[in-house]
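K.L.:
Residue numbers (the UniProt record's numbering): 1 to 186.
Built from N, CA and C at the ideal position, the CB exists for glycine as well.
Okay, handing you the structure first.
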């Protein structure tokens, strides 16, 4: 298997802070942004360079790693940060039109909610994506009916507790409406 930084790679994706070298055969999957961008009729295809100046290099590094391994390796220093990274990866997948990657991220996020953590005060608990950073970011960057939105709503409907809303959190109103509708449908 080729290394992610193999200089012999056929195509690369460039970001302001970092250059990634990825084999064209790995990057050039039908239906994705890269499949179209690497066609010879486009400037990127002729130059073999795709610039993504607005994307987070760490998210793209994890995507490049996934292209080669089909596994997501996210350090889990704390639950909320882990969810924020997964949401960023999901949004990157949306931007580059990689539905397979988005499905993998959705599965990873769902699996992460099933992982229990030990809290010194509460014992064994499960963690869920936070309102302010994770869910708001998702809702600001995805359309109604998005699969990850549906997962978030289902997680909160099935596992929610009134104490989650007692704190004065800045909760996305569209998310709250979706949760309320889902609760009425139960």
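Quick one: is residue 121 buried, meaning 16 or more other Cβ sit within 10 Å of its Cβ, or exposed?
P.N.:
Flag for residue 121 reads exposed.
K.L.:
I want to know whether the segment 100–117 touches the segment 38–45 - three or more CB-CB distances under 8 Å.
P.N.:
As far as the Cβ criterion goes, the segment 100–117 does not touch the segment 38–45, which means the pair count is below three.
K.L.:
Helix, strand or coil, according to DSSP, for residue 24 in the structure here?
P.N.:
If DSSP states are grouped into helix, strand and coil, residue 24 belongs with the helices.
K.L.:
If we ignore side chains and look at the alpha-carbon of each, how far apart do residue 164 and residue 28 end up?
P.N.:
Cα to Cα, residue 164 sits roughly 43 Å from residue 28.
K.L.:
Could you please give the first and the last residue of the uninterrupted beta strand (DSSP E) stretch that includes residue 51?
P.N.:
49–51 is the extent of the beta strand (DSSP E) around residue 51.
K.L.:
Going by DSSP in three states, residue 66 sits in which element: helix, strand or coil?
P.N.:
Note: residue 66 maps to helix in three-state DSSP.
K.L.:
How would you label residue 99, buried or exposed, when you count the other beta carbons within 10 angstroms and need 16 or more for buried?
P.N.:
Under this definition residue 99 is an exposed residue.
K.L.:
Is it right to say residue 73 is buried, meaning 16 or more other beta carbons lie within 10 angstroms of its own, or is it exposed?
P.N.:
Counting Cβ neighbours within 10 Å, residue 73 comes out exposed, since fewer than 16 surround it.
K.L.:
How is residue 55 classed by DSSP in three states: helix, strand or coil?
P.N.:
In the structure shown, residue 55 sits in coil (DSSP, three-state: anything other than H, G, I, E or B).
K.L.:
Return helix, strand or coil for residue 109, following the three-state DSSP convention.
P.N.:
Helix, per DSSP.
K.L.:
With a cut-off of 8 Å, do at least 3 Cβ pairs link the segment 52–70 to the segment 126–139?
P.N.:
At 8 Å Cβ cutoff, the stretches do not touch.
K.L.:
One question on the structure: do residue 60 and residue 49 come within less than 9 Å of each other, judged by their Cβ atoms?
P.N.:
Result no, Cβ atoms of residue 60 and residue 49 do not sit closer than 9 Å.
K.L.:
Exposed or buried, residue 93, counting other C-beta atoms within 10 Å across all chains shown (16 or more means buried)?
P.N.:
Its Cβ being crowded by 16 or more others within 10 Å, residue 93 is buried.
K.L.:
Between the C-alpha atoms of residue 153 and residue 144, what's the straight-line distance to the nearest angstrom?
P.N.:
So the two alpha carbons sit approximately 12 Å from each other.
K.L.:
Ignore the nearest five residues each way along the sequence and tell me which others in residue 33's own chain have a CB closer than 6 Å to its CB.
P.N.:
Excluding sequence neighbours, residue 33 sits near 96, 97.
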